[in-house]
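The block underneath contains the structure these notes are about, expressed in structure tokens.
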Amino acid sequence: MADLRTESVEFPANGEIGRGYLAVAQGDEPFPGVIVVQEWWGLDEHIKDVARRLAAEGFVALAPDLYHGQATKEPGEAQKLMMSLNMGDAVKELVKATDYLASRPEVAGRGIGAIGFCMGGGLALNLACESSKILLAIYAENDAFAGESVRRELEQAVKAANIDHEIVVYPGAQHAFFNDTRPEVYDREAAVDAWQRVLSHFRQNL
91 MADLRTESVE
101 FPANGEIGRG
111 YLAVAQGDEP
121 FPGVIVVQEW
131 WGLDEHIKDV
141 ARRLAAEGFV
151 ALAPDLYHGQ
161 ATKEPGEAQK
171 LMMSLNMGDA
181 VKELVKATDY
191 LASRPEVAGR
201 GIGAIGFCMG
211 GGLALNLACE
221 SSKILLAIYA
231 ENDAFAGESV
241 RRELEQAVKA
251 ANIDHEIVVY
261 PGAQHAFFND
271 TRPEVYDREA
281 AVDAWQRVLS
291 HFRQNL
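Numbered per the numbering used here, the sequence shown finishes at 296, counting up by one with no gaps.
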């Protein structure tokens, strides 16, 4: 992995202190910025790794800690954490994180990108609705959380909002197919292709 710098950061959010994991590309600054939105597990090592991967590709990535210090590997506990999260407040916190990232001296560009997974995918969509004009949505075909009807509703909504968009569905892939720490669902071929699509999307638009 290319040289990069990581650190824990703080930013004002909802009258409190928001925290996150920052990964910064090394080289000739400034770089485009990307918000990385966690899965329902919390700000775990996989999400931190995604931030580092983005930094290695020439971005400044910030993964906000929406559970404020809590993370788990147990599905039941993850569901409890997700259910206890106020989604409206979480979106507000992401907006504040976006403002903070945009203010960093390492960051410049035409805007801040956002990428999210699982629960974070929905939150990233909400964040995008606050400001985005271009959307790339990537789904697994076999996903009980985001099936065909959800994908159809999204397409109708973004068309109605006149948002330029691309929706990609990977045949045969499972929910969380991008998470390489979960061999039972990881789909390497789909994950590699999705990552290249994301990088191309960000490089063209940030």
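C-beta atoms are modelled at their ideal positions from N, C-alpha and C, and glycine is treated no differently.
Bear in mind that the values here come from a model prediction, so they are computed numbers and not experimental data.
Would you grab the beta carbon distance between residue i and residue j for me? Rounded to a whole angstrom, and I think it's under 8 Å.
i	j	result
Glu243	Ala263	No, Glu243 and Ala263 are not in contact; Cβ-Cβ is about 20 Å, not under 8 Å.
Val150	Gly117	11 Å between Cβ atoms; not a contact.
Asp270	Tyr276	5 Å
Leu171	Leu217	Incorrect: roughly 19 Å between the Cβ atoms, too far for contact.
Ala145	Leu215	The Cβ separation is near 23 Å, so there is no contact.
Gln160	Gly132	6 Å
Ala251	Phe268	Going by Cβ atoms, the distance from Ala251 to Phe268 rounds to 26 Å, so no, they are not a contact pair.
Whole angstroms is fine: what's the gap from residue i's alpha carbon to residue j's?
i	j	result
Met91	Trp285	Residue confidence is low: Met91 scores 48 on pLDDT, short of 50, so the model does not pin down where it sits. No coordinate-derived value is stated.
Glu97	Leu112	5 Å
Trp130	Leu213	11 Å
Arg109	Lys186	11 Å
Tyr190	Ala103	10 Å
Met177	His158	14 Å
Ile205	Val127	6 Å
Asp134	Arg143	14 Å
Ile107	Glu164	27 Å
Phe207	Ala266	7 Å
Arg100	His291	Before going further, note that residue 100 is Glu rather than Arg in the sequence given. Roughly 28 Å separates the two Cα atoms.
Glu119	Asp179	32 Å
His136	Pro273	13 Å
Gly201	Leu296	6 Å
Ala227	Gly105	31 Å
Val240	Met209	14 Å
Val181	Ser174	14 Å
Val258	Glu147	22 Å
Ile253	Gln294	16 Å
Gln246	His255	11 Å
Glu167	Leu156	15 Å
Ala198	Glu279	32 Å
Gly211	Pro195	27 Å
Pro154	Gly203	14 Å
Arg287	Tyr260	12 Å
Going by the DSSP bridge assignment, what does residue i pair with across the sheet?
i	result
Asp254	Ile224
Asn232	Gln264
Val259	Tyr229
Ala161	Gly132
Can you name the start and end residues of the beta strand (DSSP E) that residue i belongs to?
i	result
Thr96	Leu94 to Ala103
Val114	Glu106 to Ala115
Val297	As shown, the chain starts at 91 and ends at 296. That puts residue 297 outside it, with no answer to give.
Pro122	Phe121 to Val127
Can you find a CB in chain C that lies within less than 8 Å of the CB of residue i?
i	result
Glu164	The displayed structure is made up of one protein chain only, and chain C is not part of it.
Please list the terminal residues of the continuous alpha helix (DSSP H) segment that includes residue i.
i	result
Ala151	Segment Val150 to Pro154 is the beta strand (DSSP E) holding Ala151; no alpha helix (DSSP H) there.
Val282	Arg278 to Asn295
Please find out if some non-hydrogen atom of the ligand FMN comes closer than 7 Å to the beta-carbon of residue i.
i	result
Trp130	Although the ligand FMN was asked about, the structure shown includes no ligands whatsoever.
**Report entry** Contained alpha helix (DSSP H) runs [length at least 4] in the region 173-212, N- to C-terminal order
**Finding:** The region 173-212 contains these whole alpha helix (DSSP H) runs: 177-193.
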